[in-house]
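So the structure is just underneath, and the comments pick up after that.
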Amino acid sequence: MLSDRSYMRDSYGRTTTSALTWMLCGMAAGFFLQTVFERALNSTHFETFVGLTVEGLKSGGLWTLITYPLLHANVIHWLANVIAIYFLGKELAPLLGDRRLAWLCVAASIAGGLLWLLVHLGRADTLMGATSITCGLLTLFACLHPNRSISFLLLFLPVTVKPKYLAWTVIGFSAIGLMASEIPGDRFNTHIA
Numbered sequence: 002m003l004s005d006r007s008y009m010r011d012s013y014g015r016t017t018t019s020a021l022t023w024m025l026c027g028m029a030a031g032f033f034l035q036t037v038f039e040r041a042l043n044s045t046h047f048e049t050f051v052g053l054t055v056e057g058l059k060s061g062g063l064w065t066l067i068t069y070p071l072l073h074a075n076v077i078h079w080l081a082n083v084i085a086i087y088f089l090g091k092e093l094a095p096l097l098g099d100r101r102l103a104w105l106c107v108a109a110s111i112a113g114g115l116l117w118l119l120v121h122l123g124r125a126d127t128l129m130g131a132t133s134i135t136c137g138l139l140t141l142f143a144c145l146h147p148n149r150s151i152s153f154l155l156l157f158l159p160v161t162v163k164p165k166y167l168a169w170t171v172i173g174f175s176a177i178g179l180m181a182s183e184i185p186g187d188r189f190n191t192h193i194a
């Protein structure tokens with residue numbers, strides 16, 4: 002009988018896939034599709050449809066405020082964001098829960114996109130990358146655990162740092178990049194975030 006099997010009973014506890022897993026799978030699928038369109042089909046249609054641009058937003062592409070993190074400039078950019086989001090999300094998910102973690106990532110994506118748009122009004126640039134989500138998760142982690150030591154490899158050397166210093170360093174580098182490259186404009190038309 003089917004009811005003899007535990008997985009066929011109504012009381013069988015099914016586990017759901019976490020928001021973090023869905024997000025990382027979405028980033029992997031987005032980067033895969035971007036690569037297929039660019040390399041195999043020699044087309045930028047996917048990047049144009051998903052990437053955040055001022056013109057795309059003016060023509061009604063509001064979804065690009067939350068889809069641009071699916072695109073990345075290269076494998077290293079994608080891998081760095083995936084690793085950072087995985088480890089930060091794994092620490093924050095038990096504290097926030099899946100729903101709040103997902104909304105935090107959406108809010109970080111929208112906030113990063115809107116700030117980028119303020120600087121790039123009137124330019125034909127495209128924003129791609131999940132760095133806004135990474136920075137949002139890092140900032141929240143640094144606020145919740147400012148003095149907790151974290152260790153990671155930097156250029157194959159082990160580094161131990163407190164999250165508050167890491168967050169301030171990331172904010173500092175972002176501010177320098179904003180002042181030196183983004184506001185005056187540079188020669189590239191695709192911006193990595």
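Residues 2 to 194 (this note's numbering) make up the sequence shown, in order.
Ideal Cβ positions, reconstructed from N, Cα and C, are used throughout, including at glycine.
Keep in mind the model is a prediction, meaning the values are calculated, not measured.
Segment limits, alpha helix (DSSP H) that includes residue i
i	result
S133	T132 to L145
L122	Segment: none, L122 is in no alpha helix (DSSP H) and carries neither H nor E.
T49	H46 to V51
T36	A20 to T36
L71	Taken as a continuous stretch (DSSP letters only), L71 belongs to no alpha helix (DSSP H), as it is neither H nor E.
A181	Unbroken run through A181: none, as it is neither H nor E.
W64	Taken as a continuous stretch (DSSP letters only), W64 belongs to no alpha helix (DSSP H), as it is neither H nor E.
L85	In the sequence under discussion, the amino acid at residue 85 is Ala, which differs from the Leu named in the question. Residues V76 to L97.
L58	V55 to K59
Same chain, Cβ closer than 8 Å to residue i, neighbours up to 5 away in sequence not counted
i	result
A112	S133 and G137
S150	T161, V162 and K163
S44	F38
E48	Q35, F38, E39, L72, T127 and M129
L102	A20, L21, G90, L93 and A94
V171	C136 and L139
The ligand COA heavy atom lying under 6 Å from the CB of residue i
i	result
L167	Ligands in the displayed structure: none, and consequently the ligand COA is not present.
Sheet register partners of residue i (DSSP bridge)
i	result
P159	L154
Exposure label - residue i; buried when at least 16 CB within 10 Å
i	result
C26	exposed
A29	exposed
Y69	buried
T18	exposed
L119	exposed
W79	buried
T135	buried
G123	exposed
F32	buried
L145	exposed
M180	exposed
L141	buried
A125	exposed
G178	exposed
A176	exposed
W1	The first residue shown for the chain is 2 and the last is 194, placing residue 1 beyond what the model contains.
Terminal residues of the beta strand (DSSP E) in which residue i lies
i	result
L128	T127 to M129
Residues near residue i in its chain [Cβ-Cβ closer than 7 Å; skip 5 each side]
i	result
A131	M28, P70, N82 and I86
Residues of its chain near residue i, where Cβ-Cβ distance is below 6 Å and the 5 sequence neighbours each way are ignored
i	result
L66	I111 and G114
G57	T65
W117	L128
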